[in-house]
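Since the structure comes first, as structure tokens, the remarks are kept for the end.
Residue numbers (this note's numbering), protein chains in the order written: chain A, 1 to 290; chain B, 1001 to 1290.
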């Protein structure tokens, strides 16, 4: 693992790393914010949306302010393998490079070309974070935006022992029923049906899945992917699925807000707080038990 | 004047405008943040540094949070004319496009090609802001970063009747004595001597110049343009000039911080507060007198 850059912001330091990744068969980059004085800061993963790298959130969201104030570390991965030279991987903004969809591809050529972002985030990156100073990789939460909100919700349900908190900003809630998800699941998994195990609305209904005390979802009411002919996000489907499953959900609509980083930056503090409230309590419980 | 985009962030709206500018002989863009419910919000101009457009600050600084909290409008101009097709204007990052240096060029071909960013910001843009709803163009302050910090300090001293507050982040304090300034003044004005009227250290010494109750300057202690062989910023020269002139200066060094937007975003709240404290008092005085 090599250090690409280091920046001081608010009360802590960002470090950007590169490493040769097994899961994705390429050099991957990720960014980590560690608050000053942290010895075992809980870890909040932020999963980014389509077209993003690990850098957009770091530069635009302003999340380090609240993270340093609450003593939470931030981990920001990239959204796909890059540079593996696969024919067609750069042709579309919503499939291939920048669009890994947080699944492990089953279909060729994607499976052999390292499109395994589920394994990368939930296992390989987690093991790397475990080696970082000041960070407690065993006390982790997930959040994310759009495709990354889908990633946060689905990985939380699939690996409830690894994540004690989950929230999302304008997540793709029901990918088996929206164009982005259909394209991703047909391409990476071979069929939309195979995507049911990566659809938050389906996962929350499964009895073996984890339950969270609450899930926070923020949604811009004027989001360009929510309104109009094609609803890519379907938050109301997720509300119905949570209601049916008995999963508490705090779904908030925000008038005037769209799908951009202006929306993310406005509400990210609440997601840092949401994770901090749960992970710091978690920490307290561990300390009380030890 | 046409509206290019509109985004909600925190408690207010950004609007990005384009207009055909007299001073700069091209279409110019600028961005304005107006807090919700503002009827006559004081105006804080943010002048950007080399290579920036009106967009970098808007996307990266997170200033709208504190601006909406304090009821201050933000106005963010571009840094030079663009697209006038002048030979050589795109050749260097520190001269020509993106590097107008907040002066009115005297030398050809720059003078005829609209390199008049002093007139653009201090007069033409101010008149446009005067026509915006919710904003009080007569109650204004300046701040800025690097080349834009130089712009803020020098325009404040040159037009003290137009600006009631001035602060800067990592400003170029003494451009007649640093490579960036020497290049700009020789190119735009014909000589370094002609730049003395655009050098904050020289301007503060002039008796006819304005005085401010205080000037806030923040500086990253690990700024890559401060340390090393070539000090482009020279904050200590400005401190000495202010001391000699009896101008109160609050110059703060911040260990670990560099010249980037990570530095700007960390301290911008203090600059919004600094302007708000002065401009809102100004407002109060006006109201008390009326």
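No residue lacks a Cβ here, since even glycine has one placed at the ideal position from N, Cα and C.
Report the rounded CA-to-CA distance for residue i versus residue j, giving the unit in angstroms.
{"i": "residue 1215 (chain B)", "j": "residue 1233 (chain B)", "result": "16 Å"}
{"i": "residue 2 (chain A)", "j": "residue 1168 (chain B)", "result": "35 Å"}
{"i": "residue 1269 (chain B)", "j": "residue 190 (chain A)", "result": "50 Å"}
{"i": "residue 267 (chain A)", "j": "residue 1195 (chain B)", "result": "45 Å"}
{"i": "residue 1016 (chain B)", "j": "residue 143 (chain A)", "result": "30 Å"}
{"i": "residue 162 (chain A)", "j": "residue 156 (chain A)", "result": "8 Å"}
{"i": "residue 220 (chain A)", "j": "residue 239 (chain A)", "result": "16 Å"}
{"i": "residue 131 (chain A)", "j": "residue 138 (chain A)", "result": "11 Å"}
{"i": "residue 1100 (chain B)", "j": "residue 85 (chain A)", "result": "41 Å"}
{"i": "residue 151 (chain A)", "j": "residue 1033 (chain B)", "result": "33 Å"}
{"i": "residue 153 (chain A)", "j": "residue 1035 (chain B)", "result": "34 Å"}
{"i": "residue 256 (chain A)", "j": "residue 1264 (chain B)", "result": "27 Å"}
{"i": "residue 1122 (chain B)", "j": "residue 76 (chain A)", "result": "41 Å"}
{"i": "residue 198 (chain A)", "j": "residue 172 (chain A)", "result": "11 Å"}
{"i": "residue 1158 (chain B)", "j": "residue 1045 (chain B)", "result": "15 Å"}
{"i": "residue 1006 (chain B)", "j": "residue 222 (chain A)", "result": "12 Å"}
{"i": "residue 1212 (chain B)", "j": "residue 1229 (chain B)", "result": "33 Å"}
{"i": "residue 62 (chain A)", "j": "residue 243 (chain A)", "result": "33 Å"}
{"i": "residue 1025 (chain B)", "j": "residue 1082 (chain B)", "result": "9 Å"}
{"i": "residue 1231 (chain B)", "j": "residue 1117 (chain B)", "result": "24 Å"}
{"i": "residue 1218 (chain B)", "j": "residue 178 (chain A)", "result": "48 Å"}
{"i": "residue 127 (chain A)", "j": "residue 135 (chain A)", "result": "12 Å"}
{"i": "residue 40 (chain A)", "j": "residue 1113 (chain B)", "result": "58 Å"}
{"i": "residue 1236 (chain B)", "j": "residue 146 (chain A)", "result": "47 Å"}
{"i": "residue 185 (chain A)", "j": "residue 87 (chain A)", "result": "19 Å"}
{"i": "residue 1176 (chain B)", "j": "residue 1058 (chain B)", "result": "30 Å"}
{"i": "residue 22 (chain A)", "j": "residue 279 (chain A)", "result": "29 Å"}
Looking only at its own chain, which residues have a Cβ that is under 8 Å from the Cβ of residue i, when we skip the five neighbours before and after it?
{"i": "residue 1056 (chain B)", "result": "1048, 1261"}
{"i": "residue 1248 (chain B)", "result": "1212, 1213, 1214, 1215, 1242"}
{"i": "residue 107 (chain A)", "result": "187, 188, 189, 190"}
{"i": "residue 250 (chain A)", "result": "214, 215, 216, 217"}
From what residue to what residue does the beta strand (DSSP E) around residue i run?
{"i": "residue 1025 (chain B)", "result": "It is not in any beta strand (DSSP E) - residue 1025 (chain B) carries neither H nor E in the DSSP assignment."}
{"i": "residue 1070 (chain B)", "result": "Per DSSP, residue 1070 (chain B) belongs to no beta strand (DSSP E); it is in the alpha helix (DSSP H), 1064-1070."}
{"i": "residue 1014 (chain B)", "result": "1012-1021"}
{"i": "residue 73 (chain A)", "result": "73-77"}
{"i": "residue 1007 (chain B)", "result": "1002-1009"}
{"i": "residue 1220 (chain B)", "result": "1215-1220"}
Excluding the 5 residues preceding and the 5 following residue i in the sequence, name in chain order all residues of the same chain whose CB lies nearer than 6 Å to its CB.
{"i": "residue 1089 (chain B)", "result": "1096, 1097"}
{"i": "residue 1105 (chain B)", "result": "1111, 1115, 1188"}
{"i": "residue 1018 (chain B)", "result": "1002, 1004, 1027, 1029"}
{"i": "residue 1305 (chain B)", "result": "Shown here, chain B extends from 1001 to 1290; a query on residue 1305 (chain B) therefore has no answer."}
{"i": "residue 10 (chain A)", "result": "64, 65, 68"}
{"i": "residue 1103 (chain B)", "result": "1118, 1188, 1198"}
{"i": "residue 1140 (chain B)", "result": "1043, 1163"}
{"i": "residue 20 (chain A)", "result": "27"}
{"i": "residue 1182 (chain B)", "result": "1192"}
Beta-carbon within less than 7 Å of residue i's beta-carbon, same chain only, minus the 5 sequence neighbours each way: which residues are those?
{"i": "residue 1241 (chain B)", "result": "1201, 1204, 1205"}
{"i": "residue 1274 (chain B)", "result": "1165, 1167, 1216"}
{"i": "residue 224 (chain A)", "result": "258, 259"}
{"i": "residue 1245 (chain B)", "result": "1204, 1205"}
Measuring alpha carbon to alpha carbon, tell me which of the options ends up nearest residue i.
{"i": "residue 1226 (chain B)", "options": "B:1253, B:1245, B:1161, B:1069", "result": "B:1253"}
{"i": "residue 1092 (chain B)", "options": "B:1050, B:1068, B:1071", "result": "B:1050"}
{"i": "residue 276 (chain A)", "options": "A:21, A:218, A:68", "result": "A:68"}
{"i": "residue 1281 (chain B)", "options": "B:1173, B:1199, B:1042", "result": "B:1042"}
{"i": "residue 71 (chain A)", "options": "A:13, A:84, A:77, A:109", "result": "A:13"}
{"i": "residue 1133 (chain B)", "options": "B:1159, B:1107, B:1073, B:1164", "result": "B:1073"}
{"i": "residue 1174 (chain B)", "options": "B:1193, B:1136, B:1107", "result": "B:1193"}
{"i": "residue 148 (chain A)", "options": "A:250, A:129, A:94, A:113", "result": "A:94"}
{"i": "residue 1053 (chain B)", "options": "B:1170, B:1038, B:1079, B:1039", "result": "B:1079"}
{"i": "residue 1258 (chain B)", "options": "B:1170, B:1183, B:1184", "result": "B:1170"}
{"i": "residue 125 (chain A)", "options": "A:279, A:31, A:246", "result": "A:31"}
If you follow the alpha helix (DSSP H) that residue i is in, where does it begin and where does it stop?
{"i": "residue 1056 (chain B)", "result": "1055-1060"}
{"i": "residue 1048 (chain B)", "result": "Element bounds for residue 1048 (chain B): n/a, residue is neither H nor E."}
{"i": "residue 127 (chain A)", "result": "126-130"}
{"i": "residue 1087 (chain B)", "result": "Unbroken run through residue 1087 (chain B): none, as it is neither H nor E."}
{"i": "residue 1081 (chain B)", "result": "Looking at the DSSP string, residue 1081 (chain B) is not in any alpha helix (DSSP H), and its letter there is neither H nor E."}
With DSSP as the reference, label residue i as helix, strand or coil.
{"i": "residue 151 (chain A)", "result": "helix"}
{"i": "residue 1257 (chain B)", "result": "coil"}
{"i": "residue 1166 (chain B)", "result": "strand"}
{"i": "residue 1039 (chain B)", "result": "coil"}
{"i": "residue 1248 (chain B)", "result": "coil"}
{"i": "residue 1143 (chain B)", "result": "strand"}
{"i": "residue 1092 (chain B)", "result": "strand"}
{"i": "residue 191 (chain A)", "result": "coil"}
{"i": "residue 1111 (chain B)", "result": "coil"}
{"i": "residue 237 (chain A)", "result": "helix"}
{"i": "residue 99 (chain A)", "result": "strand"}
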